[in-house]
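Take a look at the structure below.
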Amino acid sequence: MAIVSKSAGNAAPVISSTSAAPGTGPSDAPVQALALRDGNVSIRQLVDLYMAVYSGRDVSRPQRLAWWSAKLGDIKLTALTDDHISSSA
Numbered sequence: 015m016a017i018v019s020k021s022a023g024n025a026a027p028v029i030s031s032t033s034a035a036p037g038t039g040p041s042d043a044p045v046q047a048l049a050l051r052d053g054n055v056s057i058r059q060l061v062d063l064y065m066a067v068y069s070g071r072d073v074s075r076p077q078r079l080a081w082w083s084a085k086l087g088d089i090k091l092t093a094l095t096d097d098h099i100s101s102s103a
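Residue numbering for the sequence shown follows the working numbering, beginning at 15 and increasing consecutively.
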């Protein structure tokens, strides 16, 4: 999967996640497209999109983000408050 930032004219940029058949490389068919400022994205979707392209060296990052995804995964970004964060920790 890959995240690709796109924009066309005055249209809002989108995050596009693409899938590939095993061993064939990236596909041109988008699996999901999310507007960058679309607050209807859940924490789980955001974590999944981020981890699909994460190539850093921090081996604990997947575990930490999985923890947050398990705690707050179904909450949409527009609904997320500091109360959610403090009650999860």
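Glycine included, C-beta positions come from ideal geometry on N, C-alpha and C.
Item                                                                                   : Value
Beta-carbon proximity check, residue 102 vs residue 85, cutoff 8 Å                     : yes
Rounded straight-line distance, which links the Cα of residue 76 to that of residue 65 : 7 Å
DSSP bridge partner residues for residue 56 (one or two, in chain order)               : 90
Check whether residue 57 and residue 82 have beta carbons under 8 Å apart              : yes
For residue 98 and residue 92, the rounded distance between their alpha carbons        : 12 Å
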